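Heads up: the structure comes next, in structure tokens.
Numbering (this note's numbering), first residue to last: 786 to 1996.
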């Protein structure tokens, strides 16, 4: 039967047209991987019926012409990523195109490629049409036509007559229906004219040209929709000041014929089409435009420049970038009036000498070609002021060439292969003022002969020494090098900006201290040990960044300093100058986190204070309670981070608009946790009005002892991270069943997820990291293996023996030179902000299919066996790792037993170090022995999360650890607008509680569960406040904004992050004890943790009891029974277990149980254990005894528990 079908169609390669697969078709495909199918769509794919979609069985050798013969069509069209549509050549092979596309994505197995090619979901990335689709909106911009009643003239002397009316380009064309093909027509230019509504006749428009002898045509339309469409398009044409026609991105092969009647066209944009050379409207016919001055033909796959274009002598601007050109014709020298020529993104290696005839050429783009040296012809182009040759293959730059080109002022040579600069003579250059040498391979750079150099970019090289002339120097950017010496002579008196971070400088250069006009100085990530007093006393310095150095102290301030921003984080500073805040009256931002401060400088209290300080970061210091009163002197303070200090108490009266709630103690049920691994998640929106980070956490995956964890960051879109959160686990489960090879199933998981994003993935993209913990497929009883895959900037690290072990790769242009080289070879345009086509800095992402092949979804895959030395796994997005090093992250949370507190802490540290973007972190505590069993049975000790032996009673964390108490907030008051709902989170480990207060269940691993007939739940990982958000940052469910809070959806007006800790018994505090001194209580007799607040306005306990009742109701709600019951999140993470912490929320919290402040807690899926029949009676008896003892204990605790207080404080 199959053979007869092939003979009937007259081809050995083409099988048949089918509407669906049958068993015979599947068997035929399995015989050869070169066989497959392509889906053919109708012209109107959006509204076509299912009958217009069919599949065609064929082979990789089947030609497009053969498929067209079988379809009864003349042509076959191809659409990529829902974008442009091009006509296939008769000799092209559709199935081969699909196979090559899938192989380019990352699929390697031919059988798998065959399966993917037969998937209809692939149509969002690659699709075939039997007719060229075209939307109405596209037709409106190119051509409007129809037969309507027309009357000529303003008066009623002429009668209405039926005429063919065409609006094309900038002209209205009117002709009789009979004579429309003979060229007898009236052309009315509309630029500068009028289009008005005729009131006496419905659905009528009056078109008038400009000038003294203006003509008018009245056109009557039959339908309102036609009238509106013509009115809208004609109004656009009339309002144009220049005769410009934009036909970009419309899959055109020819210019519409009627457009040639618009003789006043001066600028024609044909970018991103498929223009052909021949034909009535081909490129060879563009010379018919007699006044054409500007022509854009970029991204048209020309292959060569049409020679006839060189005869349009009126051209002043020509853009032929990204056309695959290998050479230029010599006739290009005939365009004597040409002023701008863009040749970027081609394969040019040389330029014709005739190009030197273009003496008016002032802009020449040669970036991202294959030039190995500066073209000699550029010396003849005396009007040229910029040498734009970024992304070429230059290895050596002869500076003598610049001396011969005295007309060049701007030199752009970034992203080349420059290793050295050679000088022919000692003659100085007085023309070059700006030079860009970023992303090269230079080790030494001497530009002292450039006496007029004003700005230099040389970031991301390998420079050890830099020598410059300071006569005209205004800005120097030399970040990310190995600089040990920078010589500038003479002193740059005009220097305003100096950025030399991430180098190996031991001190601030003397010439920088003498620069009198210096406004910005960035020397972070160097080896500085001191700051000169003359640097701080510089009267022009506004911003000083010296974080991540070894500075031990600041010089005394003798005069007032104009500093507005000062970053001193991650140094060794023990004390700030005593008069610091009196001298720095303009200071708005101060970051001294991660130092050794024990006190703060004093400042005038109350209204007498002149401080304008708004952002203060003091995290990770040794501050005590004595520093709290000093904060009163900053009345404009709106962001405060005090986490991880040695605060024993926090007098809330010093912080305005805070509402602080005491939380009840931890219950025994919430202390249950997984044995082999358990996780905690924290996501914070920062100062943005939406959260674009999502996470995936499955502690029990595939109904076995496996786990899957993932993090997704959409940068500025929240749709793709949520889609990946919902679908990626299912895709992974399917791939694991098809292959046991780690690299195969993880890579295919990303590629299939990329496909399943559908239309959302055409324009949007997301970074992703996915970790899978599973047994080796060949040894199910052996140890566990961690397999990781990632794309983009999301990363994961493994803490092994207390040291970080990076597992992922960062696929960005700046951090992955191999990827940057690949993107550059594929002729992508990398903009000056290091983004592919100006969109993203990532080179591998899920989504963004329209940037294929520059952006790929193929992930980096890495597998590693887990050992007893592995303590935890940390996953985070780009913002987290930009502000937190691997070592510091591991050191900060390694001692924490609660992954929730650990995840919150690393996010808090990132925010404390200045992160204002979305930040997400997931911490997975691992407790895997050599035999993958951690049961507390037979009296055997178990390895703890830190790799040691865990004891029966965990030690209480010290007050300096920052884990005893954490709370952070982002609050709003009436002075400054802020974001509502981006509250912070608060976690606290149960390890600090007295072991006698919380019953500890016998710990069993998933391999040896405790027999029981009831349903047990693992410890919930987190509770996430989830809600849709409107553009202004408010909860979309709230019809009215929060009373007393002003918002604009952008910034946080008051943000506080304070970690207090004081040992205290868990017994209720007597009323008299609260009013006493905080020092009256001691840690020596404490069995847990407690916090004391200076009482201000004690409120009744009814409010707290109501809140506790509401929380209980939320925990019982059906929406809390599944971890993925609600996918939206605004980043406010709160542990489900009630810990002894303080968390503040915004004033006047909404009362209804929706939105940010009352979102239901989200539980993880339940673990169900099957009880053997022979143990059923014994288990029932044990459960009965347990319930009776638990009820008695609960009654005793209620009798002893006093309701905590709620404090309403004001500054």
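By construction, the Cβ of each residue, glycine as well, lies at the ideal position given by its N, Cα and C atoms. Quick caveat, the model's predicted, so the values are computed rather than measured.
#### Entry: Supposed contact pair residue 1505 and residue 1482 - C-beta distance, whole angstroms, cut 8 Å
Translated into the one-based positions of the chain shown, residue 1482 becomes position 697. Translated into the one-based positions of the chain shown, residue 1505 becomes position 720. At roughly 18 Å, the Cβ-Cβ gap does not stay under 8 Å, so residue 1482 and residue 1505 are not in contact.
### Query
In the DSSP assignment, what are the bridge partners of residue 1495?
Position 710 of the chain shown, counted from the first residue, corresponds to residue 1495. Residue 1495 pairs with 1481, 1555.
### Message
For residue 1355, which residues in the same chain have their Cβ closer than 7 Å to its Cβ, ignoring the five residues on either side in sequence?
### Response
Taking the chain shown and counting its residues from 1, one reaches residue 1355 at position 570. 1332, 1333, 1379.
### Query
What are the boundary residues of the alpha helix (DSSP H) that includes residue 981?
Position 196 of the chain shown, counted from the start, is the residue given in the question as residue 981. Premise fails: residue 981 lies in the beta strand (DSSP E), 979-982, not in any alpha helix (DSSP H).
### Message
For residue 1569 and residue 1498, what's the separation of their Cα atoms in angstroms?
### Response
Taking the chain shown and counting its residues from 1, one reaches residue 1569 at position 784. Taking the chain shown and counting its residues from 1, one reaches residue 1498 at position 713. So the alpha carbons of these two residues sit roughly 27 Å apart.
### Task
Determine the DSSP secondary structure at residue 940, reduced to helix, strand or coil.
Start at 1 with the first residue of the chain shown, and residue 940 comes out as number 155. In the structure shown, residue 940 sits in coil (DSSP, three-state: anything other than H, G, I, E or B).
### Under the three-state DSSP convention, the category residue 1486 falls into
Here residue 1486 refers to the residue found at position 701 when the chain shown is read from its first residue. Coil at residue 1486, not helix or strand.
### Task
Could you tell me which residues DSSP pairs with residue 1632 in its beta bridges?
As a position in the chain shown, residue 1632 is number 847, starting the count at 1. BP columns for residue 1632 point to 1550.
#### Entry: For residue 1590 and residue 1708, the rounded distance between their alpha carbons
Your numbering for residue 1708 matches position 923 in the chain shown. Your numbering for residue 1590 matches position 805 in the chain shown. If I take the Cα positions, the gap works out to 14 Å.
### Task
Just grab the DSSP bridge partners of residue 1130 for me.
Against the chain shown, residue 1130 aligns to sequence position 345. Paired residues: none, contrary to the question.
### Query
According to the Cβ coordinates, are residue 1258 and residue 1227 closer than 8 Å?
Reading the chain shown from its first residue, position 473 is the one you call residue 1258. Reading the chain shown from its first residue, position 442 is the one you call residue 1227. Result no, Cβ atoms of residue 1258 and residue 1227 do not sit closer than 8 Å.
### Query
If you check the beta carbons only, do residue 1630 and residue 1538 fall under 8 Å apart?
As a first step, residue 1630 must be located in the chain shown, where it is residue number 845. As a first step, residue 1538 must be located in the chain shown, where it is residue number 753. No. Outside cutoff.
### Cα-Cα separation, residue 1527 to residue 1674
On the chain shown, residue 1527 is found 742 positions in, with the first residue counted as 1. On the chain shown, residue 1674 is found 889 positions in, with the first residue counted as 1. Spanning the two alpha carbons is a distance of roughly 28 Å.
#### Entry: Pick from 1474, 1557, 1158 that is closest to residue 1531, judged by C-alpha positions
In the chain shown, residue 1531 corresponds to position 746, counting from 1. Of 1474, 1557, 1158, the residue nearest in Cα terms is 1557.
### Query
Buried or exposed: residue 995, going by 16 or more other Cβ atoms within 10 Å of its Cβ?
Stepping through the chain shown from its first residue, residue 995 is reached at position 210. Classification of residue 995: exposed, given that the 10 Å Cβ count is below 16.
### Query
Per DSSP, what kind of secondary structure is residue 1170 in: helix, strand or coil?
The count along the chain shown starts at 1 and reaches residue 1170 at position 385. Looking at residue 1170 - three-state DSSP - the assignment turns out to be coil, as it is neither helix nor strand.
### Task
Quickly, what does DSSP pair residue 1680 with across the bridge? List them, please.
Position 895 of the chain shown, counted from the start, is the residue given in the question as residue 1680. For residue 1680, which the question treats as bridged, DSSP gives no partner whatsoever.
### Message
I need the straight-line Cα distance from residue 1160 to residue 1205, nearest angstrom please.
### Response
Stepping through the chain shown from its first residue, residue 1160 is reached at position 375. Stepping through the chain shown from its first residue, residue 1205 is reached at position 420. About 18 Å.
### Query
From residue 1606 to residue 1181, what does the alpha carbon distance come to, in whole angstroms?
On the chain shown, position 821 is the one that residue 1606 refers to. On the chain shown, position 396 is the one that residue 1181 refers to. Near 18 Å, if we compare the C-alpha coordinates of residue 1181 and residue 1606.
### Message
Quick check for students: name the residue ranges of the beta strand (DSSP E) that lie wholly in the stretch 1170-1217, counting only runs of 3 or more.
### Response
1171-1173, 1181-1183, 1195-1197, 1205-1207
### Message
Contact defined as beta carbons within less than 8 Å: I believe residue 1130 pairs with residue 1153. What is the distance between those atoms, to the nearest angstrom?
### Response
Residue numbering aside, residue 1130 sits at position 345 when the chain shown is read from its first letter. Residue numbering aside, residue 1153 sits at position 368 when the chain shown is read from its first letter. 5 Å between Cβ atoms; contact.
### Message
With H, G and I counted as helix, E and B as strand and the rest as coil, what does DSSP make of residue 1519?
### Response
Here residue 1519 refers to the residue found at position 734 of the chain shown. Residue 1519 falls in the helix class under three-state DSSP.
### Query
Quick one: complete beta strand (DSSP E) runs, 3+ long, within the stretch 1595-1672?
1645-1650, 1655-1661
### Query
Where does residue 1254 sit, in a helix, a strand or coil, going by DSSP?
For the purposes of this step, residue 1254 is taken as residue 469 along the chain shown, with counting starting at 1. Of the three classes helix, strand and coil, the one that applies to residue 1254 here is strand, per DSSP.
### Task
Would you mind sorting residue 1642 into buried or exposed? The rule is 16 or more other CB atoms within 10 Å of its CB.
Taking the first residue of the chain shown as position 1, residue 1642 is located at position 857. Burial call: buried.
### Task
Run the CB neighbour count on residue 1625, radius 10 Å, all protein chains shown included, and call it buried at 16 or more, exposed below.
Residue 1625 sits at position 840 when you count from the first residue of the chain shown. Classification of residue 1625: buried, given that the 10 Å Cβ count is 16 or more.
### Query
Would you call the stretch 1634-1652 and the stretch 1195-1204 touching, i.e. three or more CB-CB distances under 8 Å?
no
#### Entry: Backbone CA spacing between residue 1057 and residue 1149 [nearest angstrom]
In the chain shown, the residue the question calls residue 1057 occupies position 272. In the chain shown, the residue the question calls residue 1149 occupies position 364. Computed Cα separation, rounded: 21 Å.
#### Entry: Residue nearest to residue 1165 in terms of C-alpha spacing, selected from 1190, 1320, 1575
Residue mapping note: residue 1165 aligns to position 380 of the chain shown, counting from 1. The candidate whose alpha carbon is nearest that of residue 1165 is 1190.
### Query
Are the Cβ atoms of residue 1366 and residue 1418 separated by less than 8 Å?
Stepping through the chain shown from its first residue, residue 1366 is reached at position 581. Stepping through the chain shown from its first residue, residue 1418 is reached at position 633. Contact flag set, yes.
### Query
Anyone know if the C-beta pair for residue 1476 and residue 1468 falls short of 8 Å?
Reading the chain shown from its first residue, position 691 is the one you call residue 1476. Reading the chain shown from its first residue, position 683 is the one you call residue 1468. Closer than 8 Å, so yes.
### Bounding residues of the alpha helix (DSSP H) (the contiguous stretch that carries residue 851)
Residue mapping note: residue 851 aligns to position 66 of the chain shown, counting from 1. Element bounds for residue 851: 849-856.
### Query
Using the rule of at least 16 other Cβ atoms within 10 Å of the residue's Cβ for burial, across every protein chain shown, is residue 1431 buried or exposed?
Taking the chain shown and counting its residues from 1, one reaches residue 1431 at position 646. With 16 or more other Cβ atoms within 10 Å, it is buried.
### Query
Is the Cβ-Cβ distance between residue 1307 and residue 1284 less than 8 Å?
Stepping through the chain shown from its first residue, residue 1307 is reached at position 522. Stepping through the chain shown from its first residue, residue 1284 is reached at position 499. Going by C-beta atoms, residue 1307 is nearer than 8 Å to residue 1284.
### alpha helix (DSSP H) segment containing residue 885, residue limits
Residue numbering aside, residue 885 sits at position 100 when the chain shown is read from its first letter. First-last of the alpha helix (DSSP H) with residue 885: 879-890.
### Query
Helix, strand or coil for residue 1531 per DSSP?
Your numbering for residue 1531 matches position 746 in the chain shown. If DSSP states are grouped into helix, strand and coil, residue 1531 belongs with the helices.
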